[in-house]
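Per the working numbering, the sequence shown starts with residue 57, numbered consecutively. Following: one structure in structure tokens, then a few remarks.
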Amino acid sequence: MISADQEALATKQDVAGVERALKQDIAGVRTELKQDIADVRTELKQDITEVRADLSDLATTVAKNTTRIEALERAMDALRQEVRDRFESFRQEIAGQMDGLRGEMNGLRAEMRGEFRAIRWMMGGILAILAPMAAGFIALALR
């Protein structure tokens, strides 16, 4: 006879049944896990492909922008040189005009000196003529 305590004990058949059920569950979990891993790998490969495409697009954009920046730098250098050249040309033109004005002023000074000299000679001549006349008038007045 089996006692109440012994009825709760598992038999070999019970253990074998549980073992089979566990093996089936483990096999099912393995299959699901393998499928999940395969799905994750597929998604990861797609993500990597998309990231590579994005990086390629980014590299192309950077290359285009680098080319544009280099073109802008060349244009700025050309403009700087043009400004320098124009400034130098303007400076030389102004210097030439200043030299011309200095020459004109020196010519006018020399001309004015000559005219002042002529005026002094004329004044001296007039005084030389007027002095004897003034002396004659004074002498007539005093008689």
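Note that the Cβ used here is the ideal one computed from N, Cα and C, for glycine as well. Note that the coordinates shown come from a computational prediction; the quantities given were computed from them, not determined experimentally.
In three-state terms, what does DSSP make of residue i?
{"i": "Ala-94", "result": "helix"}
{"i": "Leu-65", "result": "coil"}
{"i": "Arg-199", "result": "coil"}
Straight-line CA distance for residue i to residue j?
{"i": "Ile-82", "j": "Leu-111", "result": "42 Å"}
{"i": "Gly-180", "j": "Met-161", "result": "28 Å"}
{"i": "Ala-66", "j": "Ala-77", "result": "15 Å"}
{"i": "Glu-144", "j": "Ala-131", "result": "20 Å"}
{"i": "Ile-125", "j": "Arg-147", "result": "32 Å"}
{"i": "Glu-75", "j": "Val-85", "result": "15 Å"}
{"i": "Arg-136", "j": "Ala-127", "result": "14 Å"}
{"i": "Lys-101", "j": "Asp-113", "result": "18 Å"}
{"i": "Arg-142", "j": "Glu-149", "result": "10 Å"}
{"i": "Ala-50", "j": "Ile-175", "result": "The requested residue 50 is not part of the displayed model; the chain covers only 57 to 199."}
{"i": "Glu-118", "j": "Asp-103", "result": "Going by the sequence as given, residue 118 is Val instead of Glu. Each residue's Cα considered, the two are about 22 Å apart."}
{"i": "Leu-186", "j": "Trp-177", "result": "14 Å"}
{"i": "Lys-120", "j": "Val-96", "result": "36 Å"}
* Length-filtered (3 minimum) beta strand (DSSP E) runs lying within the segment 126 to 174 -> Not a single unbroken stretch of the beta strand (DSSP E) spanning 3 or more residues falls wholly within the segment 126 to 174.
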